[in-house]
Structure formats: structure tokens, C-alpha cells
Amino acid sequence: MITFMNNSDSEEEPCNERTSLMSAESPPVPSYQDGLQASEAGEAQAHRKRRTGSSRSPNNVADGDTSDLGVPVRESALENEEEELTLKYGAKHVIMLFVPVTLCMIVVVATIKSVRFYTEKNGQLIYTPFSEDTPSVGQRLLNSVLNTIIMISVIVVMTVFLVLLYKYRCYKFIHGWLILSSLMLLFLFTYIYLGEVLKTYNVAMDYPTLILVIWNFGAVGMICIHWKGPLQLQQAYLIMISALMALVFIKYLPEWSAWVILGAISVYDLMAVLCPKGPLRMLVETAQERNEPIFPALIYSSAMIWTVGMAKPETAARGPSQQTWDAAEDGRENHRSPSHADCQVSETRSPVPTHPITSFEELEEEERGVKLGLGDFIFYSVLVGKAAATASGDWNTTLACFVAILIGLCLTLLLLAVFKKALPALPISITFGLIFYFSTDNLVRPFMDTLASHQLYI
Amino acid sequence: AFFWLVSLLLSSLIWFITVKTSDPWDEPLQKGLLIFGVMFSVLLQEAFRFLYYKLLRKAIEGLVALSKDGCSPISIQQMAYVAGVGFGLMSGAFSMINLLADALGPGTVGIHGDSQLYFLTSAFMTMVLIFLHTFWGILFFHGCEHRHWWEVTAVIVMHLAVSGLTFWNPLYLGSLVPSYLLMATAAAWAYLLSGGSAQNLRRFLLCKS
């Protein structure tokens, strides 16, 4: 227990970063349009901006500057097309994000409902030192608020630290930090999870088999997440580590603290992404200034980039100094939310600053996707998992929270299509989820129970 | 589904308030309140269906305005169908899921003298409700589209009737059979409204081209 708590130090850090921003500064349309204009203008800058998935305005600036080809006429004609594309791709991307979020939630709920371990109270994280076993309601409330304050300040400190590291280009440090945290997630937590599942179903497994399974799982996971791998496999791993992280939170956060933390973190997310001095916004802007992509590996991406093969000769041609930069960039890309592509992209992104014009054709085949930070996955799953764990065994509450979160996600993606810049994914969904949890648990449950006992239907 | 959920939320809020402010030991009053709650919930569901219709109408207008050739990628009939299915699935899920979870566990059905067919009839009832919601969705939207308010009223009346019939449970003959008849009527009506006809059906069944 103690070692576990100590270990959770390093594991907390990645999840703090993961709680941030939401998908795309690269919603499908601008990139598509940029692709069109870029192919006409043959402009390196537009290409780079699109590849880094930056928001709309820098793209426009770049395009406006570089393509003097009677663009105004084309632009108005393209705008209509672009809006239609927004909606068309928007709907597709909503579905593309629904599936992984649903899968993550299903895994968490299934585990909570079947494995007793994750609903037992076995101590708390050091980030929530105040216990909730107090006799009075007021004391308990106070303790949970204090726990929340401590947790949120830890998250804020970590985020600011990360932003500073990024600003001062300490890429190796970030890289190492990330590798360490994903190592722990992939090996230690999977080992515990597997152990508990086997215990629940009373399946015997010998140590050699266990070591083999966990070693393979972890090694393939590390490679997929931090380097190259098939998109589906990488997505699956990201879903699994989000689910594992969410399960840890569900187990170790005391009841009231969990709800207050969920509320507080959505407020924090809102502020961190939208306020001009918010750490996440600064991170996004710094990345845009440097024309670098932001941390692919801790962001779930639904897009597929096909230019890996093309990028390779370019990287080789670059020279040794560039190689270290690329490696560092890879490392940096492995952490941190807001949007962005998968590990295949991290390979192709390496040559971006040098940017060859010849890979344009490849880029147009690129299918733009939407990206969602892993922190968002984690907190959605925490909400639904907590609902499953503590709602008096009621499935209606779980279902209601699930629908509420998905609708919130839908609305957020709609806003993303409208505003076309990085948006926080947590606030709307978590607000809906919390409202529905409390109202379903307290209001709907007695109603439905009474109806069911008389077998009445509405 | 979300809209159905919100309507359920509001109706249970009302019921909860009425129950809390009334005497819990007064059996007939509680039963009366329950009936009131059910009817109010039905009306609220239909009201939310109407609100959803309004929302979808706006969305279709937006899509038509944006599209190149003036017609939207999804028609109002498809939306009606999807809305109906959403309502039905949510309603069915909320009715059945706790039952299913309990069905896994140890226990005997009807050990205290209740009907032994509880699970079976619940399953059938849920199924009929899901189908009915789908058909009602189509009928309702069609009625709103073409301003046939009698169609809308018919849907509301049918919903109230089906809910009311369930008050006769455990007299399952009284609740299930009429519900299925109503479902068949609604199915035929929705099919005809969606452009089907007896000839289409025959052609489909006989696999003619």
C-alpha cells in the first residue's frame, strides 16, 4: 500500500497534463481548405501550419500572405464548401470520438461491477489526505473541499511546470518523465488489474505466464504509444491506460471528494484553456509559434496520417544535428493533451520544420481527424465509474450519466466546429454528467423503482 | 435519447415533490399520485418529442441552407425514425436494465405470490413500447410536418392508452394484447405514411425486383 502510494507520485503527473485541452486545433475543414490552397500556392508555411494542426487564424494569415492568386473570389466560394465540409466531417468525427469514449466507459463500468477490489476502500492517495470518515456532514464537506483544493493545486503546479519545461525546451526531461509514467501505467497497474480480475474469476495463473503476458503487453504498449505502431493498436492502448487510470482514481478518491474534484477540474479546464494566461493556452500558443505539433502520444487521435514513408528520406537527408532535434521533438510530442496525432504523426512531424515541398501530395490524402486529450477520457470514465460504483447498484444512473456525457461531447464538438480553436472538453460533459447523476440517483430512481414494482410503463 | 431522459427527469421531479409533500401511509393517495405521475410523464415525453421536432426542423433548415444543391443529406423522415428509435431505446433501457441485472442474481420469480411471468411479460412490454415509440416518432413528425394535428393527438392518446393499460398488470391479457394490437395499427399507419403500400410489401415478400 505504501509503496503504491509513493509510486503514484510519478503517475499523477501525466494524468494532470492529460486533464487538459480538448481536440483539434485542427478541425477538419481548415486543414482541408489549407490543403487546397496550399496545393495551389505550393506554400511551405501553410503546409507546416496545417501539419502542426494549429488553429484557424495563423493558417489564414499564412495563406493570405502567400497566395496572391485572386484568392478573395476563391475564398468566398470556398467558405461555403468549407462550412459544409465542417458539418459533414463534424458528424463523422463525433462518431469517431463516441466509439473510444464509449469503449473506455464500458471497460471501466464492467470492471467496477464485477471486480470487488475497485470498490473497496483501502486507503487514500497522498493527494487527498483528509479522510471522509467524520461524524458530521459539515466536517465531511470541509474535508472534501480541502482535498479538492490540494488536488487541484497539485495539478496546476504540474501543468505550469510542464509548460515551463516546454518553454525552455527541456525536451529530454519531459520525454523521460513521460516514459517513466507510461512505464508505470503499463506495467504496474496492468499487473494489479490482471491480478484482481484473475482473483475475481478464480482463475489460476503461474508467474512465468504472467510475466510473459505483462512483458509483452507493456513492451508493445510502450512502442505503440511513444513510437510507431498501427493506429488501431495505439488507440486501443490509449483507451486501456485511460481506463486503468480512471479505475485508480475511482478506487482511491473518497466519495464526496471525487465529485467535488470533478466539478473543480472542469472549472480549471475551462480557465486553463480559455484564459489568456492559462497554462494550457500558453502551451498551445508556444507550440504554434514554434510550428511544432503538441505532444501526440497522450492525445487520442482518430486520424490517420499516411506520409510516414515519405518523411523518412527527408529525415535521413537532414543531418545529425537535426536528428537530435527530431528525437527531442518526438519525446516532447509524447505527452500532453490538446489535440494531436498519433505516433505515426510524430515520425512525420520530425521533418516538418525543414519541410519539403514534395510531400504535399501525400498530405492531401491525409484524413483529418479529431483529437481528444486522454485526461478527458479519464475524467469521463471516473464520472461514469463512480456512478456505477456508488449509485446503490442502479444501472439507470450509470446509463443516464453515460448519455449525458456523450451529449456533452457532442455539443463540445459542435462548438469546436464553430469556433475552430482548442476548446476544453471537460466542462460541458462533466456538468451534464453531474446534474444527471445527482438527479437520477435521487429523483428518478424512486420513481422508476415504484413503477417497476407495480409493473407500470411510461 | 437525451430528450427522453430530460423529460423523465422533470416528470420524476414533479412526482417526487408530490410524494414528499403527501402522506406516505395513505395507500390510495399514493396510488393516485403514481397514476398522476405516469400520466404527467407521458404528456411531458410527448412535449419533449415536439421540442425535439422543432430542434431538428431548425437543423434541417440549416443543412439545406449550407448544402450545394438545396437538399439536406438527411430527410425529416429519417430523422423522425431516428428520434423514435432514440426515445424507444432509452425508454426500454430504463425500464429493463435493472430487471436484467437482477435476473442474473440468485432469486425466484414470484415467490411472494406475484406473477411468475414477471420477467417474460416485462420483456414483451418493453419490446412493444420500443416499437411503439419508433412508430410514434414517425407519426408525430409527419403530423407536425403536414400540420395534421389529429395525427399528433392520436399519438398522444395512444401513448396514454398504452400506459394506462399497464395499470392492469398483472392481468397481462388486459395490457399486453391491446398494446400489441395498438402497435400493429401504428406500424401499418407509419408504413403507409412513409410511402409503403400493400404492393410494395407484396413485392418485397415475394422477392420480386
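For the protein sequence lines, the chains are P and F, in the order given.
Letter 275 of the first sequence, counting from 1, is numbered 271 in the working numbering, and no numbers are missing.
Every number in the working numbering is 35 more than the matching position in the second sequence, counting from 1.
Virtual Cβ for every residue (Gly too), placed ideally from N, Cα, C.
All of these numbers come straight from a predicted model, not from anything done at the bench.
When Cβ-Cβ separations below 7 angstroms define contact, phenylalanine 443 of chain P makes contact with chain F. Under the 7 angstroms criterion on CB atoms, alanine 387 of chain P is classed as non-interfacial with respect to chain F. The three-state secondary structure of lysine 88 of chain P, taken from DSSP, is helix.
Counting only the Cα atoms, asparagine 143 of chain P lies some 7 angstroms from proline 125 of chain P.
Assignment of glycine 119 of chain P by DSSP, reduced to helix, strand and coil, places it in the coil class.
Using a Cβ-Cβ cut-off of 7 angstroms, isoleucine 403 of chain P counts as an interface residue toward chain F, since at least one Cβ of chain F sits closer than that to its own. Interface residue (Cβ-Cβ distance to chain P less than 7 angstroms): isoleucine 132 of chain F is classified as such. In the DSSP annotation of this structure, the continuous segment of the alpha helix (DSSP H) that includes isoleucine 221 of chain P starts and ends at 203 to 222.
In the DSSP assignment, isoleucine 295 of chain P is bridged to P:Gly369. Residues of chain F whose Cβ lies closer than 7 angstroms to the Cβ of alanine 396 of chain P are, in chain order, Leu40. The DSSP-derived three-state label of histidine 194 of chain F is helix. With respect to chain F, the C-beta atom of tyrosine 453 of chain P has a partner C-beta closer than 7 angstroms.
Less than 7 angstroms separates the beta-carbon of phenylalanine 245 of chain P from that of valine 378 of chain P. The contact set of serine 76 of chain F on chain P, defined by CB atoms closer than 7 angstroms, consists of Ile454 in chain order.
Interface annotation, methionine 114 of chain F: not in contact with chain P, CB-CB separation never under 7 angstroms.
The C-beta of serine 229 of chain F comes no closer than 7 angstroms to any C-beta of chain P.
Burial check for arginine 136 of chain P: the Cβ neighbour count within 10 Å reaches 16 or more, so the residue is buried.
Against chain F, the CB of valine 440 of chain P has a partner CB under 7 angstroms away; the residue lies at that interface. Annotation: tyrosine 164 of chain P to alanine 283 of chain P spans about 12 angstroms, alpha carbon to alpha carbon. Taking a C-beta cut-off of 7 angstroms against chain P, the contacting residues of the segment 159 to 191 of chain F are Met160, Leu164, listed in chain order.
Non-local beta-carbon contacts of proline 226 of chain P in its own chain, meaning distances under 8 angstroms to residues more than five positions away in sequence, involve Cys220 in chain order.
CA-to-CA, the gap between alanine 221 of chain F and valine 190 of chain F works out to about 9 angstroms. If you look at glutamate 128 of chain P, you'll find it isn't in any alpha helix (DSSP H); DSSP assigns it neither H nor E. Secondary structure of glycine 145 of chain F (DSSP, three-state): coil. Taking one beta carbon from each stretch, the segment 91 to 102 of chain P and the segment 390 to 403 of chain P have 3 or more pairs nearer than 8 angstroms; the two touch. For the segment 40 to 70 of chain F, the set of residues with a beta-carbon nearer than 7 angstroms to any beta-carbon of chain P comprises Leu40, Leu43, Leu44, Ser47, Leu48, Trp50, Phe51, Leu69, in chain order.
Around alanine 448 of chain P, the beta-carbon contacts reaching into chain F at under 9 angstroms are Ser130, Asn133, Leu134, Ser157.
Following the DSSP letters along the chain, one finds valine 199 of chain P in no alpha helix (DSSP H), marked with neither H nor E. Exposed is the label assigned to lysine 273 of chain P, since fewer than 16 other Cβ atoms lie within 10 Å of its Cβ.
Comparing alpha carbon positions, the residue from F:Trp60, F:His168, F:Leu217 closest to alanine 128 of chain F is F:His168. Between the alpha carbons of valine 153 of chain P and valine 193 of chain P lies a gap of roughly 35 angstroms. For aspartate 390 of chain P, the residues of chain F that pass the 8 angstroms Cβ criterion are Asn133, in the order they occur in the chain.
Straight-line spacing of the CA atoms in alanine 136 of chain F and asparagine 198 of chain P works out to 22 angstroms. By the C-beta criterion, the segment 170 to 186 of chain F is judged to be in contact with the segment 83 to 95 of chain F, since at least 3 inter-stretch pairs fall below 8 angstroms. If you ignore the 5 residues before and after histidine 183 of chain F, its C-beta comes within less than 8 angstroms of the C-beta of His177, all in its own chain and listed in chain order. With respect to chain P, the C-beta atom of alanine 36 of chain F has a partner C-beta closer than 7 angstroms.
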